[in-house]
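There are 2 protein chains.
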Amino acid sequence: MNDRAAPASLDEFRTRLTQISEGLPKRMRQCADFVARHPERIAVSTVAELSQAAGVQPSAFMRFCQIMGFSGFSQMQKLFRESYAQRWPDYRTRLENLRAAGSGSPSALLAEFVEAGRLSLENLARTVEAATLEKAVEALSQARMIHLVGMKRAFPVACYLSYAFDNMDIPSLLHDRVGNLDHRHAILPGDVLVAITFAPYSHETLELASFARDKGCEVVALTDAMNSPLHRVGATALMVSEVDVGAFRALSATFSLAVALAVAVGTRRNAAME
Amino acid sequence: MNDRAAPASLDEFRTRLTQISEGLPKRMRQCADFVARHPERIAVSTVAELSQAAGVQPSAFMRFCQIMGFSGFSQMQKLFRESYAQRWPDYRTRLENLRAAGSGSPSALLAEFVEAGRLSLENLARTVEAATLEKAVEALSQARMIHLVGMKRAFPVACYLSYAFDNMDIPSLLHDRVGNLDHRHAILPGDVLVAITFAPYSHETLELASFARDKGCEVVALTDAMNSPLHRVGATALMVSEVDVGAFRALSATFSLAVALAVAVGTRRNAAME
DNA sequence: GCACGAATAGAATATTTATTCCATGGCATG
DNA sequence: CATGCCATGGAATAAATATTCTATTCGTGC
Chain A
262 MNDRAAPASL DEFRTRLTQI SEGLPKRMRQ CADFVARHPE RIAVSTVAEL SQAAGVQPSA
322 FMRFCQIMGF SGFSQMQKLF RESYAQRWPD YRTRLENLRA AGSGSPSALL AEFVEAGRLS
382 LENLARTVEA ATLEKAVEAL SQARMIHLVG MKRAFPVACY LSYAFDNMDI PSLLHDRVGN
442 LDHRHAILPG DVLVAITFAP YSHETLELAS FARDKGCEVV ALTDAMNSPL HRVGATALMV
502 SEVDVGAFRA LSATFSLAVA LAVAVGTRRN AAME
Chain B
262 MNDRAAPASL DEFRTRLTQI SEGLPKRMRQ CADFVARHPE RIAVSTVAEL SQAAGVQPSA
322 FMRFCQIMGF SGFSQMQKLF RESYAQRWPD YRTRLENLRA AGSGSPSALL AEFVEAGRLS
382 LENLARTVEA ATLEKAVEAL SQARMIHLVG MKRAFPVACY LSYAFDNMDI PSLLHDRVGN
442 LDHRHAILPG DVLVAITFAP YSHETLELAS FARDKGCEVV ALTDAMNSPL HRVGATALMV
502 SEVDVGAFRA LSATFSLAVA LAVAVGTRRN AAME
């Protein structure tokens with residue numbers, strides 16, 4: 262049937278997968294991609310479920326298993342069941358295991374940040390004001406152009422928004438201060454500025470926000486607290502507080518908020534065009 | 262049959278188990294003890310295997326399942342399988358429901374992304390390999406200089422790492438392609454490259470990775486799946502898969518991983534200096 | 001020590017799930 | 001344009017697996 266014996270470990274499986282994944286027919290490629298993306302599901306799902314999730318017929322999935330060198334799905338599943346048995350424990354106990362690896366260890370740190378991210382997300386879901394969010398989306402949907410600014414820790418968020426808007430063909434400009442160039446004069450009537458900053462608040466961001474306000478542009482703020490100086494420029498302020506670990510903060514919740522904002526604006530703009 | 266409905270979550274399962282575990286006949290007690298001891302095996306084993314491992318007959322194990330409130334073993338196994346593989350199936354329908362309800366509303370979208378973020382984080386905690394993470398941290402701690410590359414959706418992550426390393430006085434260089442300039446020749450022996458890319462994989466990132474490898478530098482990868490082309494350059498690959506909402510993905514889990522990586526490297530480097 | 005009921009084991013059955021096979025359709029090659 | 005090959009879908013079949021049933025055992029109360 263096939264030129265090679267069945268993979269005996271996940272590593273071998275991975276190797277084989279990358280080896281063959283080029284020059285595979287369409288459906289086989291779908292299987293390969295799906296398996297690569299959701300390896301954890303192989304151990305606990307049936308052929309029918311997996312094939313449906315991958316968007317192929319059960320028989321196609323079977324053929325894929327054979328191409329990978331297994332006699333069939335069952336043999337492949339066996340490999341995954343055996344190798345996932347150890348790392349299986351549910352989320353909570355798994356976190357404890359990671360932590361137990363020692364308080365300074367990378368795994369323990371990761372566990373801390375995962376937990377912090379989860380708390381931040383829950384917090385975000387609880388505290389966000391639907392009306393404010395709605396107002397922000399409405400403003401951005403009407404905008405002639407969307408300007409983005411964020412420095413330091415906020416810069417990744419601004420970048421991501423820029424990427425998202427770009428993907429949805431929404432005109433946007435990232436004020437990234439490359440070469441210390443200043444594009445403030447690109448802010449014209451009818452535009453909207455998204456200003457992102459967290460304590461300690463960046464001077465440049467605040468200044469650009471008040472500049473935009475003075476030009477009569479609306480300002481949507483992504484910030485961290487009620488006492489953020491962005492409130493002073495009359496911005497529509499979305500607040501998101503990240504739980505910190507030691508002196509460090511991830512951006513898990515902030516990114517969820519950012520992508521939700523972007524997608525909401527994108528769909529509303531599309532709806533308006535039809 | 263039994264006085265109560267089937268547990269709907271692992272927590273309910275645990276509660277019920279402790280409730281009934283006293284005053285149980287001998288074989289039932291054996292089952293209870295075994296299940297309590299090896300809950301992870303339920304999702305991936307058959308009744309025959311489990312009952313043998315617990316030292317009882319298959320039929321005894323069946324009766325245990327019923328005592329726990331399930332109709333049979335299959336229903337109980339389903340609970341364990343579902344709580345492991347996050348239920349993708351109803352994700353699509355949930356989205357459709359949202360749309361049908363006319364609620365492309367921003368708050369509903371945010372709720373979706375918050376949920377997606379949470380699932381991604383849990384998934385990350387479950388699937389990360391401590392050994393790989395350790396290897397990555399070690400490599401980065403030894404590095405003369407850390408190079409960072411990531412395009413499109415991965416760029417915010419690269420930016421954040423750059424910011425974090427900078428804050429900890431760790432020499433790093435972000436290959437941001439501003440002005441289409443290429444700094445590949447700044448990659449010198451003893452350096453390490455952190456390459457970040459998700460499907461569809463960025464050509465530039467892959468190319469820089471193989472360039473670095475050819476120069477004899479280690480490559481640490483942050484990527485999304487087993488079949489990422491970064492595996493082919495022999496990178497130490499940390500995998501993190503984000504749950505998507507429609508066509509969009511946030512970066513919640515990726516950022517938790519990134520910040521944990523950065524902080525771990527920072528503390529280790531500090532420890533080495535003293 | 002006997003009779004009764006619960007508990008158990010093992011075999012028989014029903015159901016689910018993997019696997020194979022064959023007919024069809026599309027694509028590239030001659 | 002015709003021909004052959006390969007990929008694909010769907011249905012038929014085979015295997016594995018859960019589930020139920022019944023005979024037997026074990027313990028308990030009279």
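These protein sequence lines are chains A and B, in that order.
Yeah, the first sequence ends on 535 if you go by our numbering, and it's all consecutive.
Yeah, the second sequence ends on 535 if you go by our numbering, and it's all consecutive.
Here a beta-carbon is modelled for each residue, glycine too, at the ideal position from N, C-alpha and C.
Next item on the list: Could you work out which residue in A:307, A:414, A:281, A:326 is closest to residue 509 of chain A when comparing CA atoms only?
Entry: Numbered from its first residue, the first sequence carries residue 509 of chain A at position 248. Measuring from the Cα of residue 509 of chain A, the nearest candidate turns out to be A:414.
Check: Counting pairs of beta carbons, one from the segment 515–535 of chain B and one from the segment 401–415 of chain B, are three or more of them closer than 8 Å?
Finding: Contact holds: three or more Cβ-Cβ distances are below 8 Å.
Next item on the list: May I ask which residues mark the beginning and end of the beta strand (DSSP E) holding residue 411 of chain A?
Entry: Within the first sequence, residue 411 of chain A is the residue found at index 150, counting from 1. Per DSSP, the continuous beta strand (DSSP E) segment holding residue 411 of chain A begins and ends at 407–411.
Next item on the list: For residue 459 of chain A, name the three-state secondary structure that DSSP assigns.
Entry: Working through the first sequence from its first residue, we reach residue 459 of chain A at position 198. In this structure, residue 459 of chain A counts as coil in the three-state DSSP scheme.
Check: Over what stretch of residues does the alpha helix (DSSP H) that includes residue 429 of chain B continue unbroken?
Finding: Reading the second sequence from its first residue, position 168 is the one you call residue 429 of chain B. First-last for residue 429 of chain B: undefined, no H or E at that position.
Checklist line | Residue environment, residue 272 of chain A, which counts as buried when at least 16 other CB atoms sit within 10 Å | finding: On the first sequence, position 11 is the one that residue 272 of chain A refers to. Under this definition residue 272 of chain A is an exposed residue.
Notebook entry, point to check: residue 395 of chain A versus chain B: which residues are under 7 Å apart at the beta carbon?
Noted result: What you label residue 395 of chain A is simply residue 134 of the first sequence in a count that begins at 1. In chain order: 367.
Notebook entry, point to check: Any Cβ of chain B within less than 9 Å of the Cβ of residue 522 of chain A?
Noted result: Here residue 522 of chain A refers to the residue found at position 261 of the first sequence. Interface residue, yes.
Margin query: Quick check on DSSP: helix, strand or coil for residue 400 of chain A?
Written below: Locating residue 400 of chain A in the first sequence gives position 139, counting from the first residue. In this structure, residue 400 of chain A counts as helix in the three-state DSSP scheme.
Check: With 9 Å set as the bound, which would you pick, yes or no: does the beta-carbon of residue 378 of chain A sit closer than that to a beta-carbon of chain B?
Finding: For the purposes of this step, residue 378 of chain A is taken as residue 117 along the first sequence, with counting starting at 1. Taking Cβ atoms only, chain B reaches closer than 9 Å to residue 378 of chain A, which makes this a yes.
Next item on the list: Check the Cβ-Cβ distances between residue 263 of chain B and every residue of chain A, and say whether any is below 9 Å.
Entry: Here residue 263 of chain B corresponds to residue number 2 of the second sequence, with the count starting at 1. Unreliable positioning characterises residue 263 of chain B in this predicted model, as indicated by a pLDDT of 40, which lies under 50. A coordinate reading is not provided.
Checklist line | Proximal chain B residues relative to residue 375 of chain A, where beta-carbon distance stays under 7 Å | finding: Position 114 of the first sequence, counted from the start, is the residue given in the question as residue 375 of chain A. Going along chain B in sequence order, the residues near residue 375 of chain A (Cβ under 7 Å) are 382, 385, 386, 517.
Next item on the list: Report yes or no: do three or more beta-carbon pairs, one from the segment 471–478 of chain A and one from the segment 442–457 of chain A, lie closer than 8 Å?
Entry: yes
Check: Cα separation between residue 293 of chain A and residue 393 of chain A?
Finding: As a first step, residue 293 of chain A must be located in the first sequence, where it is residue number 32. As a first step, residue 393 of chain A must be located in the first sequence, where it is residue number 132. Inter-residue distance for residue 293 of chain A and residue 393 of chain A is about 43 Å (C-alpha atoms, whole angstroms).
Notebook entry, point to check: What does a CB cutoff of less than 8 Å around residue 319 of chain A pick up in its chain, not counting 5 residues either side in sequence?
Noted result: Within the first sequence, the letter at position 58 stands for residue 319 of chain A. Contacts found: 308, 309, 312.
Notebook entry, point to check: In or out: residue 533 of chain B buried (at least 16 other Cβ within 10 Å) or exposed?
Noted result: Along the second sequence, one-based indexing puts residue 533 of chain B at 272. Classification for residue 533 of chain B: exposed.
Next item on the list: Say whether chain A places a C-beta atom closer than 9 Å to the C-beta of residue 487 of chain B.
Entry: In the second sequence, the residue the question calls residue 487 of chain B occupies position 226. Interface residue, yes.
Next item on the list: Would you tell me roughly how many angstroms separate the C-alpha atoms of residue 391 of chain A and residue 368 of chain B, rounded to the nearest one?
Entry: By 1-based counting over the first sequence, the position of residue 391 of chain A is 130. By 1-based counting over the second sequence, the position of residue 368 of chain B is 107. If you take the alpha carbons of residue 391 of chain A and residue 368 of chain B, they lie about 6 Å apart.
Notebook entry, point to check: Listed from N- to C-terminal order along the chain, which residues in the segment 300–312 of chain A have their beta-carbon within a distance smaller than 7 Å of any beta-carbon of chain B?
Noted result: Of all residues in the segment 300–312 of chain A, those with a C-beta nearer than 7 Å to a C-beta of chain B are 300, 301, 302, 304, 305, 306, reading in chain order.
Item checked: Whether residue 496 of chain A touches residue 470 of chain A by CB criterion (9 Å) -> Walking along the first sequence from the start, residue 496 of chain A turns up at place 235. Walking along the first sequence from the start, residue 470 of chain A turns up at place 209. The answer is yes: Cβ separation under 9 Å.
Notebook entry, point to check: Beta-carbon of residue 420 of chain B versus every beta-carbon of chain A: anything under 9 Å?
Noted result: Looking up residue 420 of chain B in the second sequence gives position 159. With 9 Å as the cut-off, residue 420 of chain B counts as an interface residue toward chain A.
Item checked: Interfacial residues, the segment 331–343 of chain B to chain A, with Cβ spacing under 7 Å -> 342
Checklist line | Test item: CB-CB of residue 528 of chain A and residue 487 of chain B under 9 Å | finding: Here residue 528 of chain A refers to the residue found at position 267 of the first sequence. Here residue 487 of chain B refers to the residue found at position 226 of the second sequence. Contact flag unset, no.
Next item on the list: Can you give me the Cβ contacts of residue 326 of chain B inside the same chain, cut-off strictly under 7 Å, excluding the 5 residues immediately before and after it?
Entry: The residue given as residue 326 of chain B occupies position 65 in the second sequence. Correct list, in chain order: 333, 334, 337.
Next item on the list: For residue 492 of chain B, count neighbouring Cβ atoms within 10 angstroms of its own Cβ and tell me buried if that reaches 16, exposed if not.
Entry: Taking the first residue of the second sequence as 1, we reach residue 492 of chain B at position 231. With 16 or more Cβ atoms within 10 Å of its Cβ, residue 492 of chain B is classed as buried.
Item checked: Nearest to residue 441 of chain B (by Cα), restricted to the options B:460, B:459, B:465 -> Numbered from its first residue, the second sequence carries residue 441 of chain B at position 180. Checking every option, the nearest Cα to that of residue 441 of chain B belongs to B:465.
Check: Rounded to a whole number of angstroms, what is the C-alpha to C-alpha distance between residue 355 of chain A and residue 303 of chain A?
Finding: Indexing the first sequence from 1 puts residue 355 of chain A at position 94. Indexing the first sequence from 1 puts residue 303 of chain A at position 42. So the alpha carbons of these two residues sit roughly 20 Å apart.
Margin query: For a contact defined as C-beta to C-beta under 8 Å, what are the partners of residue 389 of chain A on chain B?
Written below: As a first step, residue 389 of chain A must be located in the first sequence, where it is residue number 128. Per Cβ cutoff of 8 Å: 368, 371.
Margin query: Looking only at its chain, what residues have a beta carbon closer than 7 Å to the beta carbon of residue 406 of chain A, apart from the 5 residues adjacent to it on each side?
Written below: The residue you call residue 406 of chain A lines up with position 145 of the first sequence. Contacts found: 432, 433, 434, 452.
Check: Which whole-angstrom value describes the C-beta separation of residue 409 of chain A and residue 423 of chain A, a residue pair presumed to lie in contact below a C-beta threshold of 8 Å?
Finding: Stepping through the first sequence from its first residue, residue 409 of chain A is reached at position 148. Stepping through the first sequence from its first residue, residue 423 of chain A is reached at position 162. The pair is a contact, with the Cβ atoms about 5 Å apart (cut-off 8 Å).
Checklist line | Candidates A:530, A:460, A:521: closest to residue 421 of chain A by CA position | finding: Start at 1 with the first residue of the first sequence, and residue 421 of chain A comes out as number 160. Cα-wise, what sits closest to residue 421 of chain A is A:521.
Next item on the list: Report yes or no: is there a C-beta of chain A within less than 9 Å of the C-beta of residue 474 of chain B?
Entry: Within the second sequence, residue 474 of chain B is the residue found at index 213, counting from 1. Output row for residue 474 of chain B: interface = no.
Note to self: On the CB-based measure, 16 or more other CB atoms within 10 Å of its CB, does residue 364 of chain A come out buried or exposed?
What the structure shows: In the first sequence, residue 364 of chain A corresponds to position 103, counting from 1. The residue in question, residue 364 of chain A, is exposed, as its Cβ has fewer than 16 Cβ neighbours within 10 Å.
Notebook entry, point to check: residue 316 of chain A CB to nearest chain B CB: under 9 Å?
Noted result: For the purposes of this step, residue 316 of chain A is taken as the residue at position 55 of the first sequence. Not one chain B Cβ lies under 9 Å of residue 316 of chain A.
Next item on the list: Classify residue 351 of chain B as buried or exposed, calling it buried when 16 or more other Cβ atoms lie within 10 Å of its own Cβ.
Entry: By 1-based counting over the second sequence, the position of residue 351 of chain B is 90. Per-residue confidence for residue 351 of chain B stands at a pLDDT of 48, beneath the threshold of 50, marking its modelled position as unreliable; the derived number appears in the next sentence. So residue 351 of chain B counts as exposed.
Check: At a Cβ threshold of 9 Å, is residue 398 of chain A touching chain B?
Finding: Looking up residue 398 of chain A in the first sequence gives position 137. Taking Cβ atoms only, chain B reaches closer than 9 Å to residue 398 of chain A, which makes this a yes.
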